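A.B. asks: This is the structure I have questions about; it appears just below.
Protein chains: 2
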Amino acid sequence: MRTGTLHFDGKDYLDGHASDPVAMGWMQGSPPPPERQVLFDSDRSLAFPQSRWTLSHMREMVATARVARGHQAVSGLGALNTGVSDAIHTLQFKDMQGQTRLWADTLHDTYTDSIVVLHKGQCVYERYLGAGQPDLPHACFSITKSYSATLAACLVHEGVLDESRRIPHYLPEMANTAYADATLRNVLDMQVGVAYSELYSDPKAQIWDHARAGGFRTRPHDYAGAKNFYEFLLTLQKEGEHNQAFAYKTVNTDLLCWIMKRVTGQGLAEMLSERIWSRIGCENDAYISVDSIGVPFGGGGLSATVRDMARFGELMRCGGAHQGQQLIPQAVVADINRGSDPAKFAKAGYTLIPGYSYRNMWWVTHNAHDAYEGRGIHGQRLYIAPKADLVVARFASHPIAASAANDPITVPGLLALGELLHGA
Amino acid sequence: MRTGTLHFDGKDYLDGHASDPVAMGWMQGSPPPPERQVLFDSDRSLAFPQSRWTLSHMREMVATARVARGHQAVSGLGALNTGVSDAIHTLQFKDMQGQTRLWADTLHDTYTDSIVVLHKGQCVYERYLGAGQPDLPHACFSITKSYSATLAACLVHEGVLDESRRIPHYLPEMANTAYADATLRNVLDMQVGVAYSELYSDPKAQIWDHARAGGFRTRPHDYAGAKNFYEFLLTLQKEGEHNQAFAYKTVNTDLLCWIMKRVTGQGLAEMLSERIWSRIGCENDAYISVDSIGVPFGGGGLSATVRDMARFGELMRCGGAHQGQQLIPQAVVADINRGSDPAKFAKAGYTLIPGYSYRNMWWVTHNAHDAYEGRGIHGQRLYIAPKADLVVARFASHPIAASAANDPITVPGLLALGELLHGA
Chain A
4 MRTGTLHFDG
14 KDYLDGHASD
24 PVAMGWMQGS
34 PPPPERQVLF
44 DSDRSLAFPQ
54 SRWTLSHMRE
64 MVATARVARG
74 HQAVSGLGAL
84 NTGVSDAIHT
94 LQFKDMQGQT
104 RLWADTLHDT
114 YTDSIVVLHK
124 GQCVYERYLG
134 AGQPDLPHAC
144 FSITKSYSAT
154 LAACLVHEGV
164 LDESRRIPHY
174 LPEMANTAYA
184 DATLRNVLDM
194 QVGVAYSELY
204 SDPKAQIWDH
214 ARAGGFRTRP
224 HDYAGAKNFY
234 EFLLTLQKEG
244 EHNQAFAYKT
254 VNTDLLCWIM
264 KRVTGQGLAE
274 MLSERIWSRI
284 GCENDAYISV
294 DSIGVPFGGG
304 GLSATVRDMA
314 RFGELMRCGG
324 AHQGQQLIPQ
334 AVVADINRGS
344 DPAKFAKAGY
354 TLIPGYSYRN
364 MWWVTHNAHD
374 AYEGRGIHGQ
384 RLYIAPKADL
394 VVARFASHPI
404 AASAANDPIT
414 VPGLLALGEL
424 LHGA
Chain B
4 MRTGTLHFDG
14 KDYLDGHASD
24 PVAMGWMQGS
34 PPPPERQVLF
44 DSDRSLAFPQ
54 SRWTLSHMRE
64 MVATARVARG
74 HQAVSGLGAL
84 NTGVSDAIHT
94 LQFKDMQGQT
104 RLWADTLHDT
114 YTDSIVVLHK
124 GQCVYERYLG
134 AGQPDLPHAC
144 FSITKSYSAT
154 LAACLVHEGV
164 LDESRRIPHY
174 LPEMANTAYA
184 DATLRNVLDM
194 QVGVAYSELY
204 SDPKAQIWDH
214 ARAGGFRTRP
224 HDYAGAKNFY
234 EFLLTLQKEG
244 EHNQAFAYKT
254 VNTDLLCWIM
264 KRVTGQGLAE
274 MLSERIWSRI
284 GCENDAYISV
294 DSIGVPFGGG
304 GLSATVRDMA
314 RFGELMRCGG
324 AHQGQQLIPQ
334 AVVADINRGS
344 DPAKFAKAGY
354 TLIPGYSYRN
364 MWWVTHNAHD
374 AYEGRGIHGQ
384 RLYIAPKADL
394 VVARFASHPI
404 AASAANDPIT
414 VPGLLALGEL
424 LHGA
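Going down the list, the protein sequences come from chains A and B.
The numbers in the first sequence follow the working numbering, run straight up by one, and end at 427.
The numbers in the second sequence follow the working numbering, run straight up by one, and end at 427.
Shown next as structure tokens:
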């Protein structure tokens, strides 16, 4: 089985073992040899296989804001039960193609960098591979969205935001864009008709213009595009209708964060710190990339440790309460867990995950364990399965920026894990 | 006295009150109005008066590496004695021109952002102004050098480095540079003959090439200069002789850090964390700016909170011991405190501070309180006065990048403070 190569879509990639970033020696040496330097200004920093290093070192590449843990005590995750941990490591399950997989092998097959499994709030499994380390923040990418929109949903619950309002109510300057007649609820559930391609394999996709606007990608010297996120958002034009179908577009999250900032005066980094990071016993500061005017990349810029991401999952699993404090209203968590309309989700054509819905920027599985999840494009995952008392936080650096490369193993694997623990 | 203007060298600058960065509204709003944006890519980010904001927000501008505090307990600085604090705040002293100054006023006169005074290890004075906040790291600039070289002196003490060796012994690639026949001791005491101007007011000074090489300043699109610190160091040519005179050149520190990395395999951020930050009860992670290949700016890139900088000062005051642990050899601290040859220092022409010397990248006053200090170019100061049981950590954002603008107040002020506390 160990060929050293992953075949996908007609291309070959180094597999999880062969692409180990420590073994490959990225950025080792003084100076590192030229062929082992990961240069942000070469724009190849996020390309595979150096991405296996980069995703654990974002702040060394781009400007960031701190998400402070404050001076709270760390909340323990319990002592590891080696019996349960071993049972997970040796778990066998069938992937979507019907092939039997050993859990331990799938860590490499999914290019996992770090993983923490909590059962009833206790850590039952924890592994670090590649560049992963317990205290080293890893890029969350789109799991960032679940953090951002959970905060927004809190503001809706508090009456600070009104989900029925159209976007120009909060941001009059958006009146001539795709968002003129979109509601805040459309944005929260990503049911907006906007011309914006998220196809990572297409160099002309707007996601790259978005990234260049935010300073997340380098710019050519004659660059004349948007210089920050807000300027980019102002360029977005309508395509299709709102409120008809789920359409995954990262810009929705950045727009959401702009509204939150405009209304509360508080930026995402401060709000995340005040409402979440400093309240749930996080072990480490997180950080988030910022654009040229200091605006955090709410759609994908967060880096956190896997243990701290698991703590957020556990907060959600416990209905928003941590040690007796209701940090996120129970109604907000229940609303996310309930999901939205699977028929609207189905229109988006995610054939590997039929029956899902999308609510407040969480992916809702509607599976046997009533799970919902945050997803990052390189296999990052925050999986919360209330009926299995399960939280899984996983960071990965998969070469394929598409869930289709990951779901055939990950979706059945998480369900099998839930079944294993459900009886425990 | 309050005119709103500081006159210096024939120019007018907003004074400490009028340039308050919070009142001026830098980076406030969503988006901030154009005239209140501090854009790194405009290259004006470090210009006054926006520098009063920037020096507290470096990580939001440039790539950085973390200097981790780890998971140690915070070491207390004691409860503030308001009697002593008030006595300091109302202290009067004569500046170098013979003008009587009130300590409280000099906070504004020196553009102070934050200050902590420890007496016998207890905090007796603490103030935050401008952008300063207790948990917000501030740019140390050249105080970074004192951290870097103290670590290097530890390595010399441990026999890992030999101060009598010439630089090419450690870095053969430096054989064709100014450093071919310079010793490590020459570098540690900045007695190197090298063509390198540190005159900040001259846009052609090599300090700017150095900054561009390190990514600390933006580069023109047709930039063809050094792409990282190491490449820049390889260009340095000889001017004058080694071992003859103190000559303050930031490149010496970056060269020193290169040697430390080459010999130990450990970069400055990790070494600072392992040997200092995680050992003395620091409250916050620090961070340090890095170049395009991840090399920390050992000559000036550190940002830390004022309380954590005071903790380092207290470690030095206590002969390198913290809570019974000898973290820095007593001999290293004593050697720094003893200083080097004032005759060599005198040749450098610092007329406001006669009698000083420079040792292991600390400025040694040889004053009545046997004080030595780290100095940053905008008024940052870490002052350790063993005979007055005194440590002063101060961050500032003075418009004039030259100690001559600051010393006439600061030098007599610190001496008067020592006298006040010496009797306490």
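Glycine is no exception: its CB is placed at the ideal position from the N, C-alpha and C atoms.
Computed from a predicted model, the values in this text were never measured in an experiment.
Answer yes or no: does any C-beta atom of chain B fall closer than 7 Å to that of serine 295(A)?
C.D. replies: Cβ-Cβ to chain B under 7 Å: yes for serine 295(A).
A.B. asks: Mind checking which residues open and close the alpha helix (DSSP H) that includes phenylalanine 96(A)?
C.D. replies: Taken as a continuous stretch (DSSP letters only), phenylalanine 96(A) belongs to no alpha helix (DSSP H), being part of the beta strand (DSSP E) at 95-97.
A.B. asks: Consult DSSP for threonine 413(B) and reduce its assignment to one of helix, strand or coil.
C.D. replies: If DSSP states are grouped into helix, strand and coil, threonine 413(B) belongs with the helices.
A.B. asks: Check the C-beta distance from arginine 320(B) over to valine 394(B) and give it rounded, since I have them as a contact under 8 Å.
C.D. replies: Right, their Cβ atoms sit about 5 Å apart.
A.B. asks: Mind checking isoleucine 412(A): buried by the 16 CB within 10 Å criterion, or exposed?
C.D. replies: The residue in question, isoleucine 412(A), is buried, as its Cβ has 16 or more Cβ neighbours within 10 Å.
A.B. asks: Relative to the C-alpha of serine 151(A), which residue among Gly416(A), Tyr359(A), Ile291(A), Gln328(A) is closest?
C.D. replies: The candidate whose alpha carbon is nearest that of serine 151(A) is Ile291(A).
A.B. asks: Which value, in whole angstroms, describes the spacing of the CA atoms of lysine 230(B) and tryptophan 56(A)?
C.D. replies: Their Cα atoms are separated by approximately 21 Å.
A.B. asks: On the DSSP letters alone, give me the boundaries of the alpha helix (DSSP H) that glutamine 333(A) sits inside.
C.D. replies: Run containing glutamine 333(A): 333-341, per the alpha helix (DSSP H) assignment.
A.B. asks: Locate the beta strand (DSSP E) running through serine 306(A), then write down its first and last residues.
C.D. replies: From DSSP, the beta strand (DSSP E) with serine 306(A) extends over 305-307.
A.B. asks: How about aspartate 46(A): is its C-beta nearer than 7 Å to some C-beta of chain B?
C.D. replies: No - not a single Cβ of chain B is within 7 Å of the one on aspartate 46(A).
A.B. asks: What's the C-alpha gap between threonine 8(A) and isoleucine 118(A)?
C.D. replies: Taking the straight line joining both Cα atoms gives about 23 Å.
A.B. asks: Would glutamate 161(A) count as contacting chain B if we go by Cβ distances under 7 Å?
C.D. replies: Not closer than 7 Å to any Cβ of chain B, the Cβ of glutamate 161(A) fails to qualify, so no.
A.B. asks: So, is the C-beta of histidine 224(A) closer than 7 Å to a C-beta in chain B?
C.D. replies: At least one chain B Cβ lies under 7 Å of histidine 224(A).
A.B. asks: Under a Cβ-count criterion, where at least 16 other Cβ atoms within 10 Å of its own Cβ denotes burial, should histidine 74(A) be classed as buried or exposed?
C.D. replies: Answer is exposed; the Cβ neighbour count stays below 16.
A.B. asks: If you measure beta-carbon to beta-carbon, which residues of the region 66-90 of chain A are closer than 9 Å to chain B?
C.D. replies: Of all residues in the region 66-90 of chain A, Ala66, Thr67, Ala68, Arg69, Ala71, Gly73, His74, Val77 have a Cβ within less than 9 Å of some Cβ in chain B.
A.B. asks: Does any C-beta atom of chain A lie closer than 7 Å to the C-beta of alanine 40(B)?
C.D. replies: One point to set straight first is that residue 40(B) is glutamine, not alanine, in the sequence displayed. Closer than 7 Å to some Cβ of chain A, the Cβ of glutamine 40(B) qualifies, so yes.
A.B. asks: Using only the alpha-carbon positions, how far apart do tyrosine 199(B) and isoleucine 331(A) sit?
C.D. replies: Computed Cα separation, rounded: 57 Å.
A.B. asks: Can you give me, in chain order, the residues of the region 52-67 of chain A that have a beta carbon less than 8 Å from any beta carbon in chain B?
C.D. replies: Going along the region 52-67 of chain A in chain order, one finds His60, Arg62, Glu63, Met64, Val65, Ala66, Thr67 with a Cβ nearer than 8 Å to chain B.
A.B. asks: Can you give me the C-alpha to C-alpha distance between leucine 158(A) and leucine 164(A), rounded to a whole angstrom?
C.D. replies: Roughly 6 Å separates the two Cα atoms.
A.B. asks: Looking at the structure shown, is serine 117(A) part of a helix, part of a strand, or coil, going by DSSP?
C.D. replies: DSSP places serine 117(A) in strand when its eight states are reduced to three.
A.B. asks: Determine the burial state of leucine 355(A): buried for a count of at least 16 other Cβ atoms within 10 Å of its Cβ, exposed for fewer.
C.D. replies: Leucine 355(A) is exposed by the Cβ-count criterion.
A.B. asks: Are the C-beta atoms of lysine 264(A) and some chain B residue less than 7 Å apart?
C.D. replies: Yes, because at least one Cβ of chain B sits closer than 7 Å to the Cβ of lysine 264(A).
A.B. asks: Taking the alpha helix (DSSP H) that lysine 264(B) belongs to, which residues open and close that run?
C.D. replies: Segment 254-267, the alpha helix (DSSP H) holding lysine 264(B).
A.B. asks: Taking 7 Å as the CB-CB limit, is serine 33(B) close to chain A?
C.D. replies: Judged by the 7 Å Cβ criterion, serine 33(B) is in contact with chain A.
A.B. asks: So glycine 301(B) packs on threonine 147(B), CB below 8 Å; how close in whole Å?
C.D. replies: Indeed, because the Cβ distance is near 6 Å, the residues count as touching under 8 Å.
A.B. asks: What first and last residue would you give for the alpha helix (DSSP H) that runs through valine 159(A)?
C.D. replies: That run of the alpha helix (DSSP H) goes 146-160.
A.B. asks: Buried or exposed for glutamine 383(A), going by 16 or more other Cβ atoms inside 10 Å?
C.D. replies: The residue is buried, with at least 16 neighbouring Cβ atoms inside 10 Å.
A.B. asks: Short of 6 Å in beta carbon distance, which residues of its chain neighbour tyrosine 131(A), apart from the five on each side in sequence? Order them along the chain.
C.D. replies: Only Ser117 meet the Cβ criterion.
A.B. asks: Report buried or exposed for glutamine 194(B), applying the criterion of at least 16 other Cβ atoms within 10 angstroms of its Cβ.
C.D. replies: Glutamine 194(B) comes out buried.
A.B. asks: So who's on the other strand from leucine 271(B), going by DSSP bridges?
C.D. replies: Looking at the DSSP assignment, leucine 271(B) forms no beta bridge with any residue, so it has no partner.
A.B. asks: Across the region 59-66 of chain A and the region 261-278 of chain A, are there enough close Cβ pairs to call them in contact, namely three or more that are closer than 8 Å?
C.D. replies: With the cut-off at 8 Å, the region 59-66 of chain A and the region 261-278 of chain A do not touch.
A.B. asks: Expressed to the nearest angstrom, what Euclidean distance is found between the alpha-carbon atoms of tyrosine 374(B) and leucine 174(A)?
C.D. replies: Reading off the sequence, residue 374(B) comes out as alanine, not tyrosine. So the two alpha carbons sit approximately 56 Å from each other.
A.B. asks: Near lysine 264(B), what residues of its chain come up, given a Cβ to Cβ distance below 6 Å and the 5 sequence neighbours on each side ignored?
C.D. replies: The residues are Gly270.
A.B. asks: Run down chain A in chain order and give the residues with a C-beta less than 8 Å from the C-beta of glutamate 286(B).
C.D. replies: Simply His74.
A.B. asks: Methionine 30(B) CB to nearest chain A CB: under 7 Å?
C.D. replies: Yes, methionine 30(B) lies at the interface with chain A (some Cβ there is under 7 Å from its Cβ).
A.B. asks: Threonine 103(B) to phenylalanine 219(B), Cα distance in whole Å?
C.D. replies: If you take the alpha carbons of threonine 103(B) and phenylalanine 219(B), they lie about 39 Å apart.
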